[in-house]
DNA sequence: GCCAGATACTTAACATGTTAAGTTTATGGA
DNA sequence: TCCATAAACTTAACATGTTAAGTATCTGGC
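Protein chains in written order, with the numbering used here: chain A, 12 to 168; chain B, 12 to 168.
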């Protein structure tokens, strides 16, 4: 007995060859290095993604922000008032189309971003060194491909 | 202006070259194919991971289950009573060491697992075809490496 | 045997993920 | 113009993620 449940043949590949599982595992392993660092600055992982997206791409509406951060618009609706209350972002209604809410980063938010970014880049560099530049590049390419070959997001209405 | 915030130089690599972000993005893209399928069987993504782990590796304690499923023991403590109430798993206190809770899958749970597994494997096969067997193999190897090179989980007490 | 510390788990509190329903504003055709 | 529909967002409800604190059990040194 090697530990498998009664050594019965399973109708499925081993868990360790589940691609979603390994993607999650790899991500969790990496985030363990970033999380304490974000925590020191009082930022959740999701709040950091929002600041980073806005710092990089400028102001945008909720849906675009959600796509870029991979955070559901409903979650953003709940998070953004807090970030706004802390003076890190701003929200305003679009003048052309009042259905849109335009989100942008404040000077205070950008300042925080710059500080956190500097330390994050050091962690990235360390990770890149351990994985290897060439292999990391291949990994990015394969992830891009996995994202490309997946079906488009379907609005099921 | 290409959309970048005032074309200012950022203190950080582009968001699309954030490894945690691309891992999340790839995972979300794949899960979009699995989620509706799990939903038809009334299973959350996390419940499915639990059943799969138990079907594959047999009974185990909360911490081992959490490690295998990448679900925090605190979340398991909350989830497992539901799965138990539905008759899909069983829990018992270890006789040797009463601190341990041993979790196992029931016949009913295994039957559900077998049904879902069959359909999941078809989705896997489709994904493997689109990514390519060789590239998928490389992807698994690189993910394994990323997991290996990350620091061990630290119990910060 | 006793007790301080460690271990395994649970509970609680709050943030986020997820889905469905509700609100406001735009749009396009009769 | 009017109205049905759609689009963008918000709100609500419940599940899960995350951290800290609490409870029960065990271990090892005395």
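Ideal Cβ placement from N, Cα and C applies to all residues, glycine included.
Owing to the predicted nature of the structure, the values given are computational and were not obtained by experimental measurement.
If you follow the beta strand (DSSP E) that residue i is part of, which residue opens it and which one closes it?
i: residue 39 of chain A; result: Note, residue 39 of chain A: premise wrong, no beta strand (DSSP E); alpha helix (DSSP H) at 30-51.
i: residue 116 of chain B; result: 112-116
Assuming residue i and residue j form a contact by the criterion Cβ under 8 Å, report the distance between their Cβ atoms to the nearest whole angstrom.
i: residue 35 of chain B; j: residue 38 of chain A; result: 6 Å
i: residue 170 of chain B; j: residue 41 of chain B; result: Because chain B in this structure spans residues 12 to 168, residue 170 of chain B falls outside the shown range and cannot be described.
i: residue 84 of chain B; j: residue 74 of chain B; result: 6 Å
i: residue 23 of chain A; j: residue 132 of chain B; result: 6 Å
i: residue 95 of chain A; j: residue 102 of chain A; result: 6 Å
So which of the options has the shortest CA-CA distance to residue i?
i: residue 64 of chain B; options: B/106, B/100, B/30 and B/152; result: B/100
i: residue 157 of chain B; options: A/81, A/132 and A/146; result: A/146
i: residue 121 of chain B; options: B/26, B/67 and B/71; result: B/67
i: residue 123 of chain B; options: B/62, B/86 and B/111; result: B/62
i: residue 29 of chain A; options: B/30, B/115, B/162 and B/151; result: B/151
i: residue 162 of chain A; options: B/154, B/134 and B/155; result: B/134
i: residue 155 of chain B; options: A/91, A/110 and A/33; result: A/33
Just the Cα atoms here: how many angstroms apart are residue i and residue j?
i: residue 149 of chain A; j: residue 144 of chain B; result: 15 Å
i: residue 46 of chain B; j: residue 58 of chain B; result: 12 Å
i: residue 127 of chain B; j: residue 97 of chain B; result: 16 Å
i: residue 48 of chain A; j: residue 129 of chain B; result: 42 Å
i: residue 106 of chain B; j: residue 52 of chain B; result: 34 Å
i: residue 136 of chain B; j: residue 76 of chain B; result: 26 Å
i: residue 14 of chain B; j: residue 69 of chain A; result: Any reading at residue 14 of chain B must be qualified, since the residue scores a pLDDT of 45, below 50, and its modelled position is unreliable; the value itself is stated next. For residue 14 of chain B and residue 69 of chain A, the distance between alpha carbons rounds to 7 Å.
i: residue 112 of chain B; j: residue 115 of chain A; result: 48 Å
i: residue 118 of chain A; j: residue 125 of chain A; result: 10 Å
Run through chain B and tell me which residues come within less than 9 Å of residue i, C-beta to C-beta.
i: residue 142 of chain A; result: 30, 153, 156, 157 and 160
i: residue 138 of chain A; result: 30, 157, 160 and 161
i: residue 125 of chain A; result: 21, 22 and 23
Run through chain B and tell me which residues come within less than 8 Å of residue i, C-beta to C-beta.
i: residue 36 of chain A; result: 81, 154 and 158
i: residue 111 of chain A; result: By Cβ distance, chain B contributes nothing, its closest Cβ being about 16 Å from residue 111 of chain A, past 8 Å.
i: residue 149 of chain A; result: 149 and 153
i: residue 41 of chain A; result: 30, 31, 34, 157 and 161
i: residue 128 of chain A; result: 21, 22 and 23
Following the continuous alpha helix (DSSP H) through residue i, name the residue where it begins and the one where it ends.
i: residue 101 of chain B; result: Premise fails: residue 101 of chain B lies in the beta strand (DSSP E), 100-104, not in any alpha helix (DSSP H).
i: residue 155 of chain A; result: 144-160
i: residue 63 of chain A; result: 56-68
Given that residue i touches chain A, what residues does it touch there, using C-beta distances under 7 Å?
i: residue 25 of chain B; result: 67
i: residue 100 of chain B; result: Neighbours of residue 100 of chain B on chain A: none; closest Cβ ~13 Å, over 7 Å.
i: residue 64 of chain B; result: 26
i: residue 95 of chain B; result: Going along chain A, no residue has its Cβ under 7 Å from residue 95 of chain B, so there is no contact; the nearest lies around 18 Å.
i: residue 131 of chain B; result: 23
So residue i contacts chain A; which residues on that side make the cut at Cβ distance below 8 Å?
i: residue 51 of chain B; result: Under the 8 Å cutoff, chain A gives no residues; its nearest Cβ is about 14 Å from residue 51 of chain B.
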